[in-house]
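Counting from 1, one number per residue, gives the positions in the sequence shown under full-length UniProt numbering.
Quick reminder that beta carbons are idealized off the backbone N, C-alpha and C, glycines included.
Everything on this sheet refers to the single structure shown next.
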Amino acid sequence: MILHSPSRHQVAHVVGRYHLGTRLRQTPCSSIALPQPAIHSVSTYLQPLSSSIDSREPSPPPKKRRRHHTSASDSEPEIITGHVLSNGKFKCSDPGCSDLKFGRQADFRRHYTNVHEAMKVEYFCTWKGCDRSKRPFKKGKGRSFGLRKDKMEEHVRTVHERVDKRKGHATSTDEEDDEDDDDDIEEADQQRKKTQRHL
Numbered sequence: 001m002i003l004h005s006p007s008r009h010q011v012a013h014v015v016g017r018y019h020l021g022t023r024l025r026q027t028p029c030s031s032i033a034l035p036q037p038a039i040h041s042v043s044t045y046l047q048p049l050s051s052s053i054d055s056r057e058p059s060p061p062p063k064k065r066r067r068h069h070t071s072a073s074d075s076e077p078e079i080i081t082g083h084v085l086s087n088g089k090f091k092c093s094d095p096g097c098s099d100l101k102f103g104r105q106a107d108f109r110r111h112y113t114n115v116h117e118a119m120k121v122e123y124f125c126t127w128k129g130c131d132r133s134k135r136p137f138k139k140g141k142g143r144s145f146g147l148r149k150d151k152m153e154e155h156v157r158t159v160h161e162r163v164d165k166r167k168g169h170a171t172s173t174d175e176e177d178d179e180d181d182d183d184d185i186e187e188a189d190q191q192r193k194k195t196q197r198h199l
């Protein structure tokens, strides 16, 4: 007596989109849904290779496994960087790379990082030595404003040029502040002396 167990499973080909930094977001062609990006749930469905397998044991129902993930930041938009083809290869979404296909996720990730991410515009503070400049006084690279040129300009105005956001005009410079501080100290001393005389 020969028993066949339904240990082999049929996995349908899938075509989907790839998000760099996450797993695959798939649109199933048949019975399998592969992992999706971090903000979606992950489901995997397995189906026996053949429903007509000669067996004395009943086939178990399809297995379902589900995990939920949350993204690091819900405010960042999803950027589709490539697609997973039905043959399992990775294809870059950039029109200039239409001929490129990668057999491994690591190869595609390296391509994206070296070719496309390197061309991404980042804005840094224009003041020499600022922690948000490309070369701060402390070692290493400064913290950029990403793609937000408006935030970089606001930083320069409010931190370095000391423009009050609400009033829209420049406040006093550091030298004027030092002079004002000296005047305030002298005035406080004179006020203290007057108070002591009256006691």
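Once the 5 residues before and after residue i are set aside, which same chain residues still bring their CB inside 7 Å of it?
| i | result |
| --- | --- |
| T113 | none |
| H116 | D94 |
Quick check: the Cα distance between residue i and residue j, rounded to an integer number of angstroms?
| i | j | result |
| --- | --- | --- |
| R25 | Q105 | In this predicted model, R25 has a pLDDT of only 42, less than 50, meaning its place in the structure is not dependable enough to derive any value. |
| E161 | R148 | 19 Å |
| I80 | H155 | 30 Å |
| Y123 | M152 | 7 Å |
| D150 | A118 | 21 Å |
| L85 | H111 | 17 Å |
| G146 | S93 | 22 Å |
| T158 | K138 | 22 Å |
| G88 | R109 | 15 Å |
| S144 | D107 | 27 Å |
| V121 | G140 | 19 Å |
Please look up how many angstroms separate the CB atoms of residue i and residue j, rounded, as I've assumed it's under 8 Å.
| i | j | result |
| --- | --- | --- |
| G82 | K91 | 6 Å |
Excluding the five sequence neighbours on either side, which residues of its own chain have a C-beta within less than 8 Å of the C-beta of residue i, listed in chain order?
| i | result |
| --- | --- |
| G142 | F124, C125, C130, D131, R132, S133, K134, R135, P136 |
Determine, using beta-carbon pairs with one atom in the stretch 96–105 and one in the stretch 117–135, whether at least three such pairs fall under 8 Å. Taking one beta carbon from each stretch, the stretch 96–105 and the stretch 117–135 have fewer than 3 pairs nearer than 8 Å; the two do not touch.
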